[in-house]
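Working notes for the structure below.
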Amino acid sequence: MATSGKVIRCRAAVAWAVGKPLSVEEVEVSPPKAGEVRVKIVATGICRTDDHVLEGCFPNVVFPVIPGHEGAGIVESVGEGVTSVKPGDKVIPLCLPQCGGCSFCLNPESNYCVKSHVSEPQNLLPDKTSRFTCKGKQIHHFLWVSTFAEYTVMPEYAVAKIDAAAPLDKVCLLGCGFPTGYGAAINTAKVKPGSTCAIFGVGGVGLSVVMGCKATGASRIIAVDINKDKFAKAKELGATDCISPHDFKKPIQEVLTEMTGHGVDYSFEAIGHVDTLTAALASCNMNTGVCVMVGVPASGSVISIDPMLLLSGRTWKGTLLGGWKMRDCIPTLVSSYLEKKFNSDVLISHTLPIAKVNEGFELLRAGKSIRCVLLF
Ligand code: PAD
Ligand code: ZN
Ligand code: ZN
Numbered sequence: 000m001a002t003s004g005k006v007i008r009c010r011a012a013v014a015w016a017v018g019k020p021l022s023v024e025e026v027e028v029s030p031p032k033a034g035e036v037r038v039k040i041v042a043t044g045i046c047r048t049d050d051h052v053l054e055g056c057f058p059n060v061v062f063p064v065i066p067g068h069e070g071a072g073i074v075e076s077v078g079e080g081v082t083s084v085k086p087g088d089k090v091i092p093l094c095l096p097q098c099g100g101c102s103f104c105l106n107p108e109s110n111y112c113v114k115s116h117v118s119e120p121q122n123l124l125p126d127k128t129s130r131f132t133c134k135g136k137q138i139h140h141f142l143w144v145s146t147f148a149e150y151t152v153m154p155e156y157a158v159a160k161i162d163a164a165a166p167l168d169k170v171c172l173l174g175c176g177f178p179t180g181y182g183a184a185i186n187t188a189k190v191k192p193g194s195t196c197a198i199f200g201v202g203g204v205g206l207s208v209v210m211g212c213k214a215t216g217a218s219r220i221i222a223v224d225i226n227k228d229k230f231a232k233a234k235e236l237g238a239t240d241c242i243s244p245h246d247f248k249k250p251i252q253e254v255l256t257e258m259t260g261h262g263v264d265y266s267f268e269a270i271g272h273v274d275t276l277t278a279a280l281a282s283c284n285m286n287t288g289v290c291v292m293v294g295v296p297a298s299g300s301v302i303s304i305d306p307m308l309l310l311s312g313r314t315w316k317g318t319l320l321g322g323w324k325m326r327d328c329i330p331t332l333v334s335s336y337l338e339k340k341f342n343s344d345v346l347i348s349h350t351l352p353i354a355k356v357n358e359g360f361e362l363l364r365a366g367k368s369i370r371c372v373l374l375f
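Below you can see the structure in the form of structure tokens.
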């Protein structure tokens with residue numbers, strides 16, 4: 000490729016400071032070093048986690064930074080020693096990498112990787128340098144993928160080659176939101192047929208949980224959200240009941256317990272608030288209930304609970320990216336999408352050019368979008 004080995008100047012949405020709108024700028028992207036891949040991003044979804052970054056919820060995310068982690072693109076060039084992808088391959092950048100060799104990667108029960116930005120929070124690449132500059136300043140990476148940049152560099156083990164037939168403006172959702180929610184139900188909770196489920200927050204991630212619960216054969220799926228505009232889609236995807244905590248005087252966990260007898264079999268929190276996390280825990284059956292934490296609370300949040308909630312037998316779990324070993328599973332999920340085994344397209348409510356990235360965030364904050372896909 001003509002650009003291989005050269006610095007590429009391209010557009011990126013840069014977050015210069017907490018609480019400020021993103022700014023679409025021309026940035027310089029250095030070529031990939033050994034073991035790295037440079038990807039031309041074609042499409043990227045906006046996930047609430049990107050909004051948490053802009054709000055300053057993660058103090059270890061250093062500004063200026065290029066957010067975005069739900070993208071799909073095409074390999075532009077590869078660094079020395081890269082063998083699993085080549086220029087021209089369609090790929091999904093992995094915001095949770097999979098080195099394949101660490102103890103967690105070797106454990107079939109885990110999708111965590113020790114060699115990730117999660118173990119060592121920093122927003123530089125593993126060699127502690129950045130590939131981005133803008134106006135003479137170093138710009139930080141986010142989760143090693145920074146999909147709000149037209150070209151972005153990541154380690155080879157943070158990229159998965161996908162089927163060449165995949166529509167990138169659709170399968171970008173398989174970079175985060177869809178697999179997170181769907182996997183929370185089928186991998187993390189392992190929802191059983193005939194069971195009862197409650198999903199707190201039916202945005203892009205929560206609706207994917209609804210789809211996962213439906214796919215496993217859950218018989219009752221209760222969507223809980225304060226925004227009733229989300230209920231039509233939740234019903235379309237399999238929710239049997241939709242309730243708003245605002246419609247009840249008593250705490251929502253009591254409402255759910257009364258609706259189901261002893262509480263739901265599985266509860267999921269896909270919002271990221273400590274109060275709804277505890278409400279979700281208290282909503283599941285006191286003996287065998289499983290509560291899965293999916294929403295990301297602000298760093299430093301502390302949860303205080305009555306220990307009896309767990310002592311009586313409930314299980315409380317968390318999930319990162321729905322428990323999928325991403326490098327192994329994302330290509331398979333893309334194939335399943337192409338085989339129409341699920342339809343994640345229903346989550347895409349808006350498509351905008353990258354220049355309108357701030358409009359996309361406004362739609363999310365106003366509760367008007369499910370997933371907004373940005374196109375370069
Ligand atoms: P979203 O904003 O599309 O959805 C959140 C939903 O929660 C909206 O429908 C809100 O109306 C609803 N809501 C807000 N407050 C309440 C409340 N008090 N009670 C009931 N409903 C409420 O976000 P999203 O679906 O993109 O992401 C949801 C969370 O999941 C967010 O915290 C994000 O950071 C996290 C996430 N986690 C992972 C992971 O790997 N664990 C991956 C991706 C996203
Ligand atoms: Zn996300
Ligand atoms: Zn690993």
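Quick note: the sequence shown, position 329, residue 328 per numbering that gives the first Met the number 0, numbers continuous. All C-beta atoms in this analysis are idealised placements derived from N, C-alpha and C, irrespective of residue type, glycine included.
What residue from the options has the CA that sits closest to residue i's CA?
i      : options                        : result
Asn59  : Lys213, Gln121, Val201         : Gln121
Lys191 : Ile45, Lys367, Val263          : Val263
Ile347 : Val26, Pro96, Val170           : Val170
Cys328 : Val158, Val201, Met285         : Val158
Ala354 : Ser343, Arg364, Glu149         : Glu149
Ser334 : Val61, Val41, Lys89            : Lys89
Val301 : Gly312, Thr277, Cys290         : Thr277
Gly18  : Phe57, Val28, Thr2, Ile7       : Phe57
Pro244 : Leu53, Asp274, Lys189          : Asp274
Gly312 : Leu337, Ser298, Asn284, Asp305 : Asn284
Ala1   : Val77, Leu255, Arg47           : Val77
Asn286 : Ala269, Ser303, Met307         : Met307
Lys5   : Lys136, Leu123, Ile40, Glu75   : Glu75
Phe360 : Lys39, Val52, Ile7             : Val52
Thinking C-beta only, is residue j closer than 8 Å to residue i?
i      : j      : result
Lys160 : Pro31  : no
Gly321 : Val295 : no
Gly87  : Ile65  : no
Gly70  : Ala33  : no
Asp228 : Gly200 : no
Gly182 : His68  : no
Gly288 : Leu172 : no
Ala238 : Val209 : yes
Cys196 : Tyr111 : no
Cys94  : Val26  : no
Thr179 : Val204 : yes
Leu363 : Asp168 : no
Ser22  : Val36  : no
Ala11  : Phe62  : no
Arg47  : Gly260 : no
Trp315 : Cys290 : yes
Gly176 : Arg326 : no
Leu123 : Ser129 : yes
Ala165 : Leu332 : no
What would DSSP say about residue i, mapped onto helix, strand or coil?
i      : result
Phe177 : helix
Gly44  : strand
Tyr265 : strand
Thr350 : strand
Val289 : strand
Thr239 : coil
Gly322 : helix
Gly205 : helix
Arg37  : strand
Ala1   : coil
Cys104 : helix
Pro66  : coil
Arg313 : coil
For ligand 3, is there a heavy atom less than 7 Å away from the beta-carbon of residue i?
i      : result
Val117 : no
Gln252 : no
Val113 : yes
Cys382 : This structure does not reach residue 382, given that the chain is present from 0 up to 375, and the question cannot be answered.
Cys212 : no
Gly99  : yes
Cys104 : yes
Please tell me whether, using a cut-off of 7 Å, the distance from the CB of residue i to the nearest non-hydrogen atom of ligand 1 is below it.
i      : result
Asp224 : yes
Leu363 : yes
His272 : yes
Pro58  : no
His261 : no
Phe199 : yes
Gly294 : yes
Val204 : yes
Lys229 : yes
Gly366 : yes
His349 : no
Pro154 : no
Ala276 : Inspection of the sequence shows that residue 276 is occupied by Leu rather than by Ala. No, the Cβ of Leu276 stays beyond 7 Å of every heavy atom of ligand 1.
Leu173 : no
Cβ-heavy atom distance between residue i and ligand 5 below 7 Å?
i      : result
Ala269 : Among the ligands in the structure shown, ligand 5 does not appear; only ligand 1, ligand 2 and ligand 3 can be found there.
I need the residues with a C-beta less than 5 Å from some heavy atom of ligand 2; please give them in chain order. Cys46, Thr48, Cys175
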